[in-house]
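K.L.:
Take a look at this one; I'll ask things after.
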Amino acid sequence: MPKTMFEKIWNLHLVHEQDGNSIIYIDRHLVHEVTSPQAFEGLRLAGRRVLHPEATFAVPDHNIPTVNQDQPISDPISALQVETLRQNCKEFGITLFDLGDERSGIVHVMGPEQGLTLPGSTIVCGDSHTATHGAFGSLAFGIGTSEVEHVLATQTLQQKKPKTMLVQVEGVLSETVTPKDIILAIIGKIGIAGGSGCVIEYAGETIRSMTMEGRMTLCNMTIEAGARAGMVAPDEKTFEYFKNKPMSPKGDNWEKALSSWKKLPSDPDAEFDITVKLNANDVLPQVTWGTNPGMVTDINSKIPDPENIQNPGITRALEYMGLVADQAITDIHLDRVFIGSCTNSRIEDLRSVAEFVKGRQVNEHVSAMIVPGRVLKQKRKGSVVFLKLLGSNGALKQDVLCV
Numbered sequence: 000m001p002k003t004m005f006e007k008i009w010n011l012h013l014v015h016e017q018d019g020n021s022i023i024y025i026d027r028h029l030v031h032e033v034t035s036p037q038a039f040e041g042l043r044l045a046g047r048r049v050l051h052p053e054a055t056f057a058v059p060d061h062n063i064p065t066v067n068q069d070q071p072i073s074d075p076i077s078a079l080q081v082e083t084l085r086q087n088c089k090e091f092g093i094t095l096f097d098l099g100d101e102r103s104g105i106v107h108v109m110g111p112e113q114g115l116t117l118p119g120s121t122i123v124c125g126d127s128h129t130a131t132h133g134a135f136g137s138l139a140f141g142i143g144t145s146e147v148e149h150v151l152a153t154q155t156l157q158q159k160k161p162k163t164m165l166v167q168v169e170g171v172l173s174e175t176v177t178p179k180d181i182i183l184a185i186i187g188k189i190g191i192a193g194g195s196g197c198v199i200e201y202a203g204e205t206i207r208s209m210t211m212e213g214r215m216t217l218c219n220m221t222i223e224a225g226a227r228a229g230m231v232a233p234d235e236k237t238f239e240y241f242k243n244k245p246m247s248p249k250g251d252n253w254e255k256a257l258s259s260w261k262k263l264p265s266d267p268d269a270e271f272d273i274t275v276k277l278n279a280n281d282v283l284p285q286v287t288w289g290t291n292p293g294m295v296t297d298i299n300s301k302i303p304d305p306e307n308i309q310n311p312g313i314t315r316a317l318e319y320m321g322l323v324a325d326q327a328i329t330d331i332h333l334d335r336v337f338i339g340s341c342t343n344s345r346i347e348d349l350r351s352v353a354e355f356v357k358g359r360q361v362n363e364h365v366s367a368m369i370v371p372g373r374v375l376k377q378k379r380k381g382s383v384v385f386l387k388l389l390g391s392n393g394a395l396k397q398d399v400l401c402v
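Residue 371 in numbering that gives the first Met the number 0 sits at position 372 of the sequence shown; the count goes up by one each step and never skips.
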């Protein structure tokens, strides 16, 4: 019987199924300092250990400063959480990529860059945007603190089997349209609850043309459509990405892994519960004007009129945002520009911004900041210098180097 990629991975990791509930094995558990303290304390109180510490990796990434990471963290609560993570990792034998370690960074950036994220694997983390890892053909869930404890203790996760949704995107992206525009256009089409109860697989010419970083952006924001996870089938771009990654398979194991990964894509006749189609040629740069990602339109449009839509949520959103009906998107004043977080903080994103701002200055009425997903420490000439655009007068405080 033809199977989707999700079904193939799910079935390979299914431990037990009863009354609609399933227990699946987790290959990789990523941990950070915010959702883990209570989980570790629960283990401690119950006298349990981490069942597979070798499958668990930790990194502080939510409460750390962007600059001066070699200095003590000034905020006492943040400092306590990071120190607690250190102590818990030491006590339970978990590998920690601590501050000062060149492997540290945002967990959803660090994982793929280190080869911890691999096609066909199941991955969990106590963060909703764990869906990012699905860009590599993995099944990745965000989980809560009680589930973090359960995975630490059993290396399994209890879930109800999600439905499947195929989002087919065809066409060629224009120069001004990015993967983030595509996912915002999808959310605008299906709504912020459109993916509820589903795992979304992204397919089509447009998706295949995206870089791995672009696919990460796409899967990262799947959660904003209410879905459990997002996935893209692995291909030659995926395999090339993982070549020579520190923790990728090596030698004969690499060839065995490749053989397995090439079997993951959904079978041609596989059936999905829901199918959505989008033409990338029709997508313009997208702007979210309201209080959730579903309140989105293109750069050439106007703010909608609540009287024409009959949605009280839109009225409240416009009041909160200080916008008015029929206002042109291009007339909205910008106060701050932020590029970073786990959605757009990878090296490709930083290079793109660096190319755009080189030789320019930030508007005097706007402050801007770029936060990298991982600080690259390279000794070779031509290494990247990331940009921190910040200042009351908007002047550049650092130059930008493009690699």
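In this text, a Cβ means the ideal position worked out from N, Cα and C, and glycines have one as well. Everything numeric in this text was worked out from a predicted model, so none of it was measured.
1. What are the residues that DSSP puts in a beta bridge with V123?
2. Identify, in the order they occur along the chain, each residue of the same chain with its Cβ nearer than 6 Å to the Cβ of G293, setting aside the five sequence neighbours on each side.
3. From which residue to which residue does the alpha helix (DSSP H) around N278 run?
4. Mind checking if N310 is an interface residue toward chain D, Cβ cutoff 8 Å exclusive?
5. Using 10 angstroms around the beta-carbon of V168, count the other beta-carbons present and answer buried if the total reaches 16, otherwise exposed.
6. Out of N310, L11, S300, L283, which has the shortest C-alpha to C-alpha gap to E174?
7. Just reading off the beta strand (DSSP E) that Q167 is part of, what are its end residues?
8. Give the secondary structure of T83 by DSSP, where H, G and I count as helix, E and B as strand, and everything else as coil.
9. Does DSSP put K89 in a helix, in a strand, or in coil?
10. Identify the continuous beta strand (DSSP E) that holds E223 and give its terminal residues.
11. DSSP three-state label for G229, please.
12. Hey, how far is the Cα of P111 from the Cα of H132?
13. Count the other CB atoms, across all protein chains shown, that sit within 10 Å of the CB of V14; report buried if there are 16 or more and exposed otherwise.
14. With a threshold of 6 Å on Cβ separation, who are the neighbours of L333 within its own chain once the five nearest residues in sequence on each side are excluded?
15. How would you write the range of the beta strand (DSSP E) that D297 sits in, first residue to last?
16. Let me check understanding here. Comparing Cα to Cα, which of P59, I369, E204, R102 lies closest to R350?
17. One question on the structure: do L115 and S35 come within less than 8 Å of each other, judged by their Cβ atoms?
18. Does the contact criterion of 3 or more C-beta pairs under 8 Å hold for the stretch 199-211 versus the stretch 34-53?
19. Are the beta-carbon atoms belonging to L138 and M246 less than 8 Å from one another?
20. Going by alpha carbons, who is nearest to E82 out of G125, S127, H31, M164?
21. According to DSSP, K159 sits in a beta bridge with which residue or residues?
22. Using the Cα positions of Q377 and A353, report the straight-line distance between them to the nearest angstrom.
23. If you draw a straight line from the alpha carbon of T55 to that of A327, how long is it in whole angstroms?
24. Go ahead and label Y319 buried or exposed: buried means 16 or more other beta carbons lie within 10 angstroms of its beta carbon, across all protein chains shown.
25. State buried or exposed for I182, treating a residue as buried only when at least 16 other CB atoms are found within 10 Å of its CB.
26. Between the beta-carbon of D325 and the beta-carbon of E212, is there less than 8 Å?
27. Roughly how many angstroms separate the alpha carbons of A279 and D180, rounded to a whole number?
28. Tell me where the alpha helix (DSSP H) around V352 begins and ends.
29. Please state whether the Cβ-Cβ distance between G104 and Q68 is less than 8 Å.
30. Any contact of the stretch 0-7 with the stretch 261-269, i.e. 3+ C-beta pairs under 8 Å?
31. Give the single residue among A256, W288, D18, E239 whose Cα lies nearest to the Cα of G321.
32. What residue range is occupied by the uninterrupted alpha helix (DSSP H) comprising I182?
33. CA-CA distance, D74 and F241?
34. Excluding the 5 residues preceding and the 5 following I206 in the sequence, name in chain order all residues of the same chain whose CB lies nearer than 8 Å to its CB.
35. To which residues of the same chain is E16 closer than 7 Å at the C-beta, ignoring the five residues directly before and after it?
36. Measuring only the C-alpha atoms, how far is N87 from L172?
P.N.:
Well, looking at it:
1. Looking at the DSSP output, V123 shares a beta bridge with H28, F140.
2. Excluding sequence neighbours, G293 sits near I186, G190, I191.
3. Per DSSP, N278 belongs to no alpha helix (DSSP H); it is in the beta strand (DSSP E), 273-278.
4. The question asks about chain D, but that chain is absent: this structure has only one protein chain.
5. Buried.
6. It is L283 whose Cα lies nearest to the Cα of E174.
7. Q167: member of the beta strand (DSSP E) spanning 162-169, first to last residue.
8. Note: T83 maps to helix in three-state DSSP.
9. If DSSP states are grouped into helix, strand and coil, K89 belongs with the helices.
10. From DSSP, E223 is part of no beta strand (DSSP E); its letter is neither H nor E.
11. DSSP, read as helix, strand or coil, puts G229 in strand.
12. Whole-angstrom Cα-Cα distance: 7 Å.
13. V14 is exposed by the Cβ-count criterion.
14. The residues are V365.
15. Per DSSP, D297 is one residue of the beta strand (DSSP E) stretching across 295-297.
16. Nearest option by C-alpha distance: I369.
17. No, the Cβ-Cβ distance between L115 and S35 is not below 8 Å.
18. As far as the Cβ criterion goes, the stretch 199-211 does not touch the stretch 34-53, which means the pair count is below three.
19. Going by C-beta atoms, L138 is not nearer than 8 Å to M246.
20. The residue among G125, S127, H31, M164 with its C-alpha nearest the C-alpha of E82 is H31.
21. According to DSSP, which records beta bridges pairwise, K159 is partnered with N20.
22. For Q377, the predicted structure reports a pLDDT of 40, less than 50, and the residue's modelled location is therefore unreliable. A value from the coordinates is still provided. About 18 Å.
23. Approximately 49 Å between the Cα atoms of the pair.
24. With fewer than 16 Cβ atoms within 10 Å of its Cβ, Y319 is classed as exposed.
25. Classification for I182: buried.
26. Going by C-beta atoms, D325 is not nearer than 8 Å to E212.
27. Their backbone Cα atoms lie some 10 Å apart in a straight line.
28. V352 -> alpha helix (DSSP H) spans 346-356.
29. Q68 sits away from G104, with the two beta carbons spaced by 8 Å or more.
30. The stretch 0-7, when compared against the stretch 261-269, does touch it at the 8 Å Cβ threshold.
31. Check the Cα spacing between G321 and each of A256, W288, D18, E239: the tightest is with W288.
32. First-last of the alpha helix (DSSP H) with I182: 178-189.
33. Each residue's alpha carbon lies about 37 Å from the other.
34. Excluding residues within five positions, the ones whose Cβ falls inside 8 Å are V168, R214, L217, V231.
35. Excluding residues within five positions, none has a Cβ falling inside 7 Å.
36. Cα-Cα distance, rounded: 46 Å.
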